[in-house]
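Novice: Numbering-wise (this note's numbering), the sequence shown opens with residue 441 and increments by one.
A virtual CB, placed ideally from N, CA and C, is assigned to each residue, including glycine.
If you're wondering where the values come from, they're calculated on a predicted model, not measured in any experiment.
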Amino acid sequence: MTLIGETSGKPAADLIKDGTDASFIQDVVEASKATPVIVDFWATWCGPCRQLGPALEKAVTAAKGAVKLVKIDVDKNPAYAGQLRVQSIPAVFAFVDGRPVDGFMGALPDSQVKQFVDRLAKKAGGGASPVDDLLDMAKESLELGDFGGAAQAFAEVLREDPQNAKAIAGLARVYLSSGDADRAREILEMLPADAKDPEIDSVRAALALMEGGASETAEFDRRLAADPNDHEARLELAKALAGRGEMERAVDELLTIIERDREWNDQAARKQLLTIFEAAGHASEVAKQGRRRLSAILFS
Numbered sequence: 441m442t443l444i445g446e447t448s449g450k451p452a453a454d455l456i457k458d459g460t461d462a463s464f465i466q467d468v469v470e471a472s473k474a475t476p477v478i479v480d481f482w483a484t485w486c487g488p489c490r491q492l493g494p495a496l497e498k499a500v501t502a503a504k505g506a507v508k509l510v511k512i513d514v515d516k517n518p519a520y521a522g523q524l525r526v527q528s529i530p531a532v533f534a535f536v537d538g539r540p541v542d543g544f545m546g547a548l549p550d551s552q553v554k555q556f557v558d559r560l561a562k563k564a565g566g567g568a569s570p571v572d573d574l575l576d577m578a579k580e581s582l583e584l585g586d587f588g589g590a591a592q593a594f595a596e597v598l599r600e601d602p603q604n605a606k607a608i609a610g611l612a613r614v615y616l617s618s619g620d621a622d623r624a625r626e627i628l629e630m631l632p633a634d635a636k637d638p639e640i641d642s643v644r645a646a647l648a649l650m651e652g653g654a655s656e657t658a659e660f661d662r663r664l665a666a667d668p669n670d671h672e673a674r675l676e677l678a679k680a681l682a683g684r685g686e687m688e689r690a691v692d693e694l695l696t697i698i699e700r701d702r703e704w705n706d707q708a709a710r711k712q713l714l715t716i717f718e719a720a721g722h723a724s725e726v727a728k729q730g731r732r733r734l735s736a737i738l739f740s
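1) Spatial neighbours of Gln491 within its chain, please: C-beta separation below 6 Å, excluding the five flanking residues on both sides.
2) When the Cα of Asp454 is compared with those of Leu509, Phe464, Cys489 and Ala503, which residue comes out closest?
3) Taking C-alpha atoms, which residue in Trp704, Asp706, Phe660 and Ala665 lies nearest to Ala690?
4) Below 8 Å, can you find three or more Cβ-Cβ pairs linking the segment 620-628 to the segment 690-705?
5) Quick one: using the 10 Å Cβ neighbour count with 16 as the cut-off for buried, is Phe739 buried or exposed?
6) Are the segment 466-473 and the segment 523-532 touching by the rule of at least three beta carbon pairs closer than 8 Å?
7) Can you name the start and end residues of the beta strand (DSSP E) that Leu631 belongs to?
8) Name the DSSP beta bridge partners of Arg539, please?
9) Would you check if the distance between the CB atom of Val614 and the CB atom of Leu582 is smaller than 9 Å?
10) How would you write the range of the alpha helix (DSSP H) that Phe660 sits in, first residue to last?
11) Look at the alpha carbon of Ile465 and the alpha carbon of Val557, and state the distance between them as a whole number of angstroms.
12) Measure the C-alpha to C-alpha separation of Asp586 and Val514 and round it to an integer number of angstroms.
13) Out of curiosity, what's the CA-to-CA distance linking Val500 and Ala673?
14) Are Arg710 and Arg702 close, meaning C-beta to C-beta below 9 Å?
15) In chain order, what residues of the same chain have a beta carbon less than 7 Å from the beta carbon of Lys457, not counting five sequence neighbours either side?
16) Rounded to whole angstroms, what's the CA-CA distance from Asp573 to Arg663? Just pull it up for me.
17) List the endpoints of the continuous alpha helix (DSSP H) containing Phe717.
18) Could you check the C-alpha separation between Lys679 and Phe717 for me, to the nearest Å?
19) Between the alpha carbons of Ser551 and Asn604, how many angstroms are there, rounded?
20) Can you name the start and end residues of the beta strand (DSSP E) that Asp480 belongs to?
21) Please classify Gly721 as buried or exposed, where buried requires at least 16 neighbouring CB atoms within 10 angstroms.
22) Could you compute how far the alpha carbon of Pro549 sits from the alpha carbon of Val536?
23) Which residues bound the alpha helix (DSSP H) around Lys606?
24) What first and last residue would you give for the beta strand (DSSP E) that runs through Ala510?
25) Span of the beta strand (DSSP E) holding Lys457?
26) Please report the straight-line C-alpha distance between Arg733 and Ala483, rounded to a whole angstrom.
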């Protein structure tokens with residue numbers, strides 16, 4: 441099934457516009473008294489400007505009215521660029537209540553551009569952006585096991601922001617939770633090269649566990665029945681359990697090994713345990729309870 445819809449079209453004209461020195465007071469200074477305004481000083485010959493411009497437009501469009509963007513060609517409109525002492529482009533300034541309050545120079549990764557826009561919206565009292573609200577909704581649905589609702593919310597975020605790392609990782613988690621590792625892997629390939637997020641690492645760890653093989657456990661159970669101290673069999677059993685999503689049982693088996701011989705096989709059980717914590721999510725109950733029990737064993 442298709443979970444991601446088409447991206448939205450051109451940004452609304454009242455949110456993003458081309459400005460001039462003549463319109464600067466109206467479009468930036470006066471307008472920022474009602475809504476934060478980002479000014480992007482650029483030029484047609486500037487390569488980094490062509491990279492930054494679409495990222496700014498995407499982030500501002502995703503904020504759905506919480507912030508506006510005015511783009512000014514410095515070659516045609518040098519006056520205010522000079523007053524703001526712009527020495528290189530792209531140069532970005534954020535205006536609130538008629539004055540500049542933040543800014544940066546040079547092209548930034550999309551994720552940092554989005555953070556800049558969201559920070560400006562919150563600084564002006566705009567609260568969380570609609571994208572953040574949708575991400576919270578999706579996460580709650582996922583935690584409740586409502587995979588359909590989570591998928592719809594993540595897909596809505598991606599319609600607004602096609603490279604949103606949290607939404608991509610979340611959608612991959614939906615597929616992974618549904619047992620479709622191949623589709624989860626395809627979704628992760630949508631991530632920007634510079635994307636960094638704990639949820640991305642978590643999904644990748646979960647995929648690695650699944651790829652490790654959800655093999656049959658009967659042979660390992662038989663070996664453990666014959667010898668409860670067969671740590672190799674217990675480790676393989678834990679891997680198989682984790683591979684099919686039985687994280688709590690896998691944690692139990694690994695903690696048993698650590699309790700009996702914490703240094704066995706170069707701490708292989710502890711290393712596998714940390715992989716499971718990452719796959720489950722460090723804020724998950726599996727990880728929280730597991731860390732408590734691990735600490736009790738290590739410091740007893």
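Specialist: Considering the structure as presented:
1) Ala547
2) Leu509
3) Phe660
4) no
5) exposed
6) no
7) First-last for Leu631: undefined, no H or E at that position.
8) Val536
9) yes
10) Ala658 to Ala666
11) 21 Å
12) 50 Å
13) 54 Å
14) yes
15) Asp467 and Val510
16) 50 Å
17) Trp704 to Ala720
18) 13 Å
19) 7 Å
20) Val477 to Trp482
21) buried
22) 24 Å
23) Ala605 to Ser617
24) For the sequence presented, residue 510 should be read as Val rather than Ala. Here the beta strand (DSSP E) through Val510 covers Lys508 to Asp513.
25) Ile456 to Asp458
26) 59 Å
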